[in-house]
Each structure stands twice: as C-alpha cells, then as structure tokens.
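All remarks here apply to the structure that follows.
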Amino acid sequence: RLIRDATTDVWALGGHAYIGSFNEPCGTGENYIAGVGEVELVEDIEQPGIAIFDVHDKNKPAYVGNLPSVQVSRTNDVKVAEMSSGTILVHSNEACGGGKGGFEVYDVTDPTSPVHLASVQIDELNPISDVLFGGITDVGVHNAWLFSQGDRDYVSVVAETAFDTFQTYEITDSTDPTLVSAWGAEEIFDPGVGDLTDPSDPEQFNRALEAALWLLDGPGSSQNRFLHDITYNREGTNAYLSNWDAVWSCST
C-alpha cells in the first residue's frame, strides 16, 4: 500500500507508473543526490517520494521502488515524457518543514536506475511583488507539464509565487533548465503590471499593489486567483491554465 491519504498524482509511460505523494511523512532525503548522477531507489513504499510500479502486467503491478524525496519537501506532482534527451521525469518540490521548493529532473529511460539531471529552485521574479509579499524565496511548485516544440523540450510549472505563477523552462539540455517565459493572472487585471520593476516608484508600486489585492480577492470559495494546474495540447502550442477563482485562461 502507499502512504495513507497521500497519493496525489499518477503518470504512466512505457509500462511503468509513477505516483506522487503529498501528506505526511515529509520528505526524508534518503538516497537523494543533489548533483547529476545515478540515484539509488528507496525500497520502502511507505516512504515519501515518487513510487514507481512496473505495470506491464496490468493485473499484477510490481513495486520497483521510490524515487528519493528531497529532505523536508513534498513530491506532489509528477510528469514523464519521451524527449530528445531520453525519458524525462519532472517532479515538484513543496516545502513541508523548511525544505526547498522548485522541481527535480530525472532520466528514467531505465526506471530501475534513474539518473538525476537537475534541481531547480524558484524565487519571486518581480521585485515589486517580492517587496509586497515580504521577500518570497525558494518557493514551491505545485504542478508541471512536459512538452516539446520541434527539437526543443520544455517544462511549464505552477510556481507558488505571487506574480508570474506560470513559468516555462527549456530542458533540451536536461542538465541545465533555463527559464524562458513567465506570466501571471495579474496581467488579466492590469496588462503590463508584471513588467513594472521599481518598488521605489509610487505609481508602479500602487499598480502592483492593486493587482496583488485582486489576486487575493477571488469571488468563489477559494478567495484567490492564483494558478493551480496546467495542461497543453498535443502540439505544445496552447496551454490551458486553471486559476481558482479567476476561472481559466489559455496561453499560446
């Protein structure tokens, strides 16, 4: 059995299924290696992390092991896709005891011998929203989506920042993810507000403040307009975003 009350996501590819977890216990960091290299799986299904199953025989799934969790971080979301550099897995990190946020990148071409390729930490990008929200550093990632355009590979993530919650990284070189774009629902309220960068300018600061208050004042039960999840079309040209009480949006 899996961690009780903690299974949050499942993704299957190539005869293997990958399962995310969220609740207690928090990430232990057991077998986690920060740098690039082969990683030893955790052989305890009760441990946090990404549980891997061999599902070639759909009637008899076989437990393979757990991809290690980052210490005091949760592995909420997991995506796996065939990309130019191999079978790539990305899982989110959300701090649950002072751990780091962001996401991890693995090569799982051989799911029994995963290779850790990169670890990405995400901070608040906009200087004004950073001031407004008290300096957000090392923020969590809640969801992710892998896609390709031609010979280039990307991952888009739901960053738990204030502004710029929809962030996309190029991972064609999977060992060196590079931020290529960022967008947030604040642009619906005030187009261009995310481009303002001077917190000492009263006009810029007040515009950003109004946008931040709008993000925190949704009309529904969640009472916010932050991004929750994303998905793409098959071609990787349209992204669909659910922003809680901002309803939904589409980006090309």
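Taking the numbering used here, the leading residue of the sequence shown gets 1, the next gets one more, and so forth. All C-beta atoms, glycine included, are put in the ideal place defined by N, C-alpha and C. Everything numeric in this text was worked out from a predicted model, so none of it was measured.
How far does the alpha helix (DSSP H) with residue i in it extend, from its first residue to its last?
i	result
E82	No alpha helix (DSSP H) contains E82, which is instead part of the beta strand (DSSP E) from V78 to M83.
I128	P127 to L132
F189	E186 to F189
E170	Taken as a continuous stretch (DSSP letters only), E170 belongs to no alpha helix (DSSP H), being part of the beta strand (DSSP E) at F166 to E170.
Is it true that the CB of residue j sits closer than 8 Å to the CB of residue i?
i	j	result
S92	A144	yes
I171	A246	no
Q167	A182	yes
S113	E38	yes
V139	D153	no
A185	N243	yes
K100	V90	no
D151	S84	yes
V70	Y32	yes
D107	T87	yes
D190	E210	yes
T8	N76	yes
Kindly give me the distance between the Cβ atoms of residue i and residue j, rounded to whole angstroms, as I take these residues to be in contact under 8 Å.
i	j	result
V141	V158	6 Å
G194	N126	6 Å
A34	S129	No, A34 and S129 are not in contact; Cβ-Cβ is about 29 Å, not under 8 Å.
P68	G49	5 Å
A81	L13	7 Å
Taking residue i as the reference, give the member of the options with the closest Cα.
i	options	result
E104	A95, D217, P48 and L117	L117
V42	K100, Y63 and D54	Y63
T137	S174, P111 and G98	G98
S21	Q47, L13, G35 and G29	Q47
A17	G27, N66 and E40	N66
W259	I45, I52, G35 and N31	As shown, the chain starts at 1 and ends at 252. That puts residue 259 outside it, with no answer to give.
Y169	Q121, I45 and T28	Q121
T28	V36, G15, K60 and D44	D44
P202	S174, T178 and V131	V131
E40	I230, V115, V55 and G15	V115
T178	R74, G102, I19 and E30	G102
A6	L216, E30 and R74	R74
I19	R234, P111 and W214	P111
Could you tell me the boundaries of the beta strand (DSSP E) in which residue i lies?
i	result
Q149	V141 to Q149
W244	W244 -> no beta strand (DSSP E), and no H or E assigned at all.
D153	R152 to A159
A34	Element bounds for A34: n/a, residue is neither H nor E.
L89	G86 to A95
E104	G102 to D107
L262	Outside the modelled stretch of the chain, which goes from 1 to 252, sits residue 262, for which no answer is possible.
I45	First-last for I45: undefined, no H or E at that position.
H228	Looking at the DSSP string, H228 is not in any beta strand (DSSP E), and its letter there is neither H nor E.
G236	Run containing G236: none; DSSP gives neither H nor E here.
H56	That residue, H56, is in no beta strand (DSSP E); it is neither H nor E in DSSP.
A182	T178 to W183
A162	From DSSP, A162 is part of no beta strand (DSSP E); its letter is neither H nor E.
D9	T7 to L13
Leaving out five residues before and five after residue i in sequence, what residues of the same chain have Cβ atoms less than 7 Å from its Cβ?
i	result
G218	N224, R225, W244, D245 and A246
R207	D190, V193 and L196
V55	A12, G15, H16, A17 and P61
T109	G86 and T87
G286	Any property of residue 286 remains undetermined from this structure, which presents the chain solely from 1 to 252.
L216	N224
Near residue i, which residues of its chain fall below 8 Å by C-beta distance, leaving aside the five closest residues on each side in sequence?
i	result
G220	W244 and D245
H228	H142, N143, V158, S242, N243 and W244
V36	V115, H116, L117, A118 and T175
S222	W244 and D245
Going by beta carbon distance, what residues of the same chain come within less than 6 Å of residue i, once the five residues before and after it are set aside?
i	result
F147	Y154, Y232 and G236
D198	Q204
Q149	G236
S156	W145, T168 and I230
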